[in-house]
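Written below as structure tokens is the structure these notes are about.
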Amino acid sequence: MKGLLYKDFLAIKGKWFSIALVVFVVVYVGLRITLPGGRWEYADILLYFLYSVVSAVLVVFPTMSLNYIFGQDEKSKSKKYMLSLPFAKKDFVASKYVLFLVVYYVLLSGIYILSMAFMIGATDQQMIENVQQENIVRMGLMLVFLLFHSVQFPVYLLLGVKKAGEVNTTIIMLIMLALLPVFLFVNPDNLDLSAFMMKHKNIIVAVITNVFWFVLGIYYLSYRFTLKHFKVGEVSEYE
Amino acid sequence: MSKENTMETIEKARLWIFLGLAFALALIPQLIFFLNSSYYDGEGQMRDSTSFLLAYSMLTPTIAVLLTRMFTREGLALTGENSLKLGLDLKKSTILVLAAAIFLPWLTRELGILMDGVLFPESIDLAKVDKEIRPILWMIPMVGLGNSIMLSFGGLGEELGWRGYMMPKLEKIFGPVKSVVLGGIIWGAWHYVGICFGHNFGLDYWGAPWIGMLVFTVFTIFENAFLTLLTKKSNSVWPAAFAHAVNNSGTSILAFMVNEKCLPEVESRFGVISMLPMAVIGLVCLIMLSKTGTRNKEKAS
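Chains as they are written, first to last, in this note's numbering: chain A, 166 to 404; chain B, 15 to 315.
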């Protein structure tokens, strides 16, 4: 599987957004070293803004790479030639799932290291607390994205990039349609969210505390589903 | 000089370079920091700057490994023989190793606190737990374990160095049992500067910081046996990284019920009795490692 993972890494390595991300991180670290909080009164604000932007981009980076990674396989017709290659379809499917787990792990670690770099030089205590809270939000967002990928990967692998794009658009439209009545007709002042949360706090806490295991379980089930229906060999729908 | 002797000399040189870098990169900043600042704030809590420094220190063994491998032209292979051991072959035996890595540190901690509770019944008090938290208390480890896995880069930062690089080299030179003991002592010694300034045990105890250093080194020897076996069985540093992270998180249900004032000073400070389950695990792992070493010798002859 090492070769398959490396192939996918190469698909995104030279892309403009990968390079821009690396440059951005280097600039951020450089500025943090040269601008500790006490040296200039706006140093913390600038670095906090940069940290927020960099970490937000890091969170969405894997999703932006989806089309490149899966599209690269279609361009090179990997499924068609897989019969003659020395790996099983299980390795091919697993490599996609493992790749994104590794990417999210690396990016989450990177976000925490960047936040440590911010907090070491910062003097504004409020911003330090904001960064710590943002880290938790970023972690939660990554889990949400992994959940989306659990739905997207079977579509990408079984139906192809073009159909996956159509499915993505459909899902986004459905979510927006579902939210539209909420935005139009629901008055936030009438919603007593804190009372609702207090009433169901045990369930809410159970969901929040176990969301990591839940997402991992769904991700694994998605892998098993994809593996069951994945076919190697001639694929006429791409040609 | 024979080829084997040359190789052994080269391996020893690499080991010394790694240890020099790992100690220098971690301990010099710690010394500078602690001589100019203090471990705790005015309220006896760990300062933010201390925790950042310790987080940086956890990454220094990995930085040391990468620099050593580059200087000594050992290469930066991710998997395979003499690699960074960053691969993970997900066969059934490895899944079992991963499960042991994630759950055993937590279970030994619970068992340790339970032993304290058996010997000192007043030390476990359910009334200490807030009534609001009691229904969800059982979920606490799931959060702890999940967060430990997601944020295990600190554990990985240490394990790439100690178990991924140092232990294989020590084993080639000293054999499986001596290498575990020596590796544990080296790993423990790497923490001594922090312990001198209050890490883990504080400073207000008899014999500080020497007793703290001794107790910690005993712990690191047993823990080293466990983590080394995890690494050998999976041929990967990931199980050890997860185990390290879970151990550092200290996640536990029973910890919420502990009344430290009802424990003897020695136990509340050093956890000597509560360390026993991990010591037993470590001993079992040491025996298993020595048997693996014997089997390899028989195969070679």
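All residues carry an ideal CB built from backbone N, CA and C; glycine is no exception. This structure is a prediction, so every number in the text was calculated from the model and none was measured.
If the cut-off is 9 Å on Cβ atoms, which residues from the stretch 302-317 of chain A count as contacting chain B, listed in chain order?
Met304, Met307 and Leu308
What's the C-alpha gap between leucine 196 of chain A and isoleucine 209 of chain B?
Stepping through the first sequence from its first residue, residue 196 of chain A is reached at position 31. Stepping through the second sequence from its first residue, residue 209 of chain B is reached at position 195. Those two C-alpha atoms are separated by around 33 Å.
Run through the stretch 98-175 of chain B for me and flag every whole alpha helix (DSSP H) of 4 or more residues, listed as ranges in chain order.
Unbroken alpha helix (DSSP H) stretches of 4 residues or longer found wholly inside the stretch 98-175 of chain B: 106-133, 154-164 and 167-175, given in chain order.
Does DSSP put valine 272 of chain B in a helix, in a strand, or in coil?
The residue labelled residue 272 of chain B in the question sits at position 258 within the second sequence. Valine 272 of chain B: strand per DSSP, three-state reduction.
Would you kindly report the start and end of the unbroken alpha helix (DSSP H) that includes glutamine 237 of chain A?
Along the first sequence, read from residue 1 onward, the residue named residue 237 of chain A stands at position 72. Where glutamine 237 of chain A is concerned, the enclosing alpha helix (DSSP H) stretches over 208-240.
Return the CA-CA distance between glutamate 115 of chain B and leucine 303 of chain B, expressed in angstroms with no decimal places.
The residue you call residue 115 of chain B lines up with position 101 of the second sequence. The residue you call residue 303 of chain B lines up with position 289 of the second sequence. Correcting the residue identity first, residue 115 of chain B is alanine in this sequence and not glutamate. Rounded to whole angstroms, alanine 115 of chain B to leucine 303 of chain B spans 16 Å at the Cα level.
Sheet register partners of tyrosine 54 of chain B (DSSP bridge):
Within the second sequence, the letter at position 40 stands for residue 54 of chain B. Bridge partners of tyrosine 54 of chain B: B/Met60.
Could you work out which residue in B/Arg283, B/Ile147, B/Phe188 and B/Val260 is closest to glutamate 22 of chain B when comparing CA atoms only?
The sequence position of residue 22 of chain B within the second sequence is 8, counting from 1. Ranking the options by Cα distance to glutamate 22 of chain B, first place goes to B/Phe188.
Interface residues of chain B around leucine 273 of chain A at Cβ under 9 Å?
Working through the first sequence from its first residue, we reach residue 273 of chain A at position 108. Within 9 Å Cβ-Cβ: Met164, Leu165 and Phe167.
Chain B within 8 Å of alanine 360 of chain A, Cβ atoms only:
On the first sequence, residue 360 of chain A is found 195 positions in, with the first residue counted as 1. Chain B contact via Cβ: absent.
Mind checking isoleucine 46 of chain B: buried by the 16 CB within 10 Å criterion, or exposed?
Start at 1 with the first residue of the second sequence, and residue 46 of chain B comes out as number 32. Exposed.
Any Cβ of chain A within less than 8 Å of the Cβ of glycine 160 of chain B?
Within the second sequence, numbered from 1, the residue matching residue 160 of chain B stands at position 146. Cβ-Cβ to chain A under 8 Å: yes for glycine 160 of chain B.
Distance between glutamate 331 of chain A and leucine 345 of chain A (C-alpha atoms, nearest Å)
In the first sequence, counting from the first residue as 1, residue 345 of chain A sits at position 180. In the first sequence, counting from the first residue as 1, residue 331 of chain A sits at position 166. Between leucine 345 of chain A and glutamate 331 of chain A, the C-alpha separation is close to 21 Å.
Closest Cβ-Cβ distance between aspartate 218 of chain B and chain A: below 8 Å?
Looking up residue 218 of chain B in the second sequence gives position 204. Not an interface residue.
Mind checking valine 309 of chain A: buried by the 16 CB within 10 Å criterion, or exposed?
Start at 1 with the first residue of the first sequence, and residue 309 of chain A comes out as number 144. Result: exposed.
Please work out which residues of its chain come closer than 7 Å, Cβ to Cβ, to glutamate 136 of chain B, disregarding the five sequence neighbours upstream and downstream, and give them in chain order.
Numbered from its first residue, the second sequence carries residue 136 of chain B at position 122. Cβ neighbours of glutamate 136 of chain B beyond the five flanking positions: Asn273 and Cys276.
So what does DSSP say about leucine 92 of chain B, is it helix, strand or coil?
For this step, residue 92 of chain B is matched to residue 78 along the second sequence. It is coil, neither helix nor strand.
Cα-Cα separation, asparagine 19 of chain B to isoleucine 287 of chain B:
Counting from one through the second sequence, the residue named residue 19 of chain B turns up at place 5. Counting from one through the second sequence, the residue named residue 287 of chain B turns up at place 273. Answer to the nearest angstrom: the Cα atoms are 44 Å apart.
Using a Cβ distance threshold of 8 Å, determine whether the stretch 46-65 of chain B contacts the stretch 377-384 of chain A, with at least three qualifying pairs required.
no
Just the chain B side, please: which residues come within less than 8 Å of valine 370 of chain A by C-beta, in chain order?
Walking along the first sequence from the start, residue 370 of chain A turns up at place 205. Under the 8 Å cutoff, chain B gives Ile150 and Met153.
Let me know the secondary structure DSSP gives arginine 197 of chain A once reduced to three states.
Taking the first residue of the first sequence as position 1, residue 197 of chain A is located at position 32. Residue state, collapsed to three classes: helix.
List the endpoints of the continuous alpha helix (DSSP H) containing phenylalanine 350 of chain A.
Taking the first residue of the first sequence as 1, we reach residue 350 of chain A at position 185. It spans 326-350 - the alpha helix (DSSP H) in which phenylalanine 350 of chain A sits, taken as one unbroken run.
Kindly give me the distance between the Cβ atoms of threonine 122 of chain B and proline 291 of chain B, rounded to whole angstroms, as I take these residues to be in contact under 8 Å.
Position 108 of the second sequence, counting from 1, holds the residue named residue 122 of chain B. Position 277 of the second sequence, counting from 1, holds the residue named residue 291 of chain B. The C-beta distance from threonine 122 of chain B to proline 291 of chain B rounds to 4 Å, short enough to meet the 8 Å contact threshold.
Beta-carbon neighbours of aspartate 62 of chain B, restricted to chain A and to distances below 8 Å:
Numbered from its first residue, the second sequence carries residue 62 of chain B at position 48. Simply Met284 and Ile293.
Nearest by alpha-carbon distance to alanine 253 of chain A: which of A/Met166, A/Leu386 and A/Phe361 is it?
Here residue 253 of chain A refers to the residue found at position 88 of the first sequence. Checking every option, the nearest Cα to that of alanine 253 of chain A belongs to A/Met166.
The stretch 372-386 of chain A: positions lying closer than 7 Å to chain B by Cβ
Closer than 7 Å at the C-beta level to chain B, one finds these residues of the stretch 372-386 of chain A: Thr374, Asn375, Phe377 and Trp378.
Exposure label - arginine 87 of chain B; buried when at least 16 CB within 10 Å:
The sequence position of residue 87 of chain B within the second sequence is 73, counting from 1. Flag for arginine 87 of chain B reads exposed.
Contact between the stretch 217-226 of chain B and the stretch 136-145 of chain B is defined here as three or more beta-carbon pairs at a separation below 8 Å; is this criterion met?
No, because fewer than three Cβ pairs between the stretch 217-226 of chain B and the stretch 136-145 of chain B fall closer than 8 Å, the two stretches do not touch.
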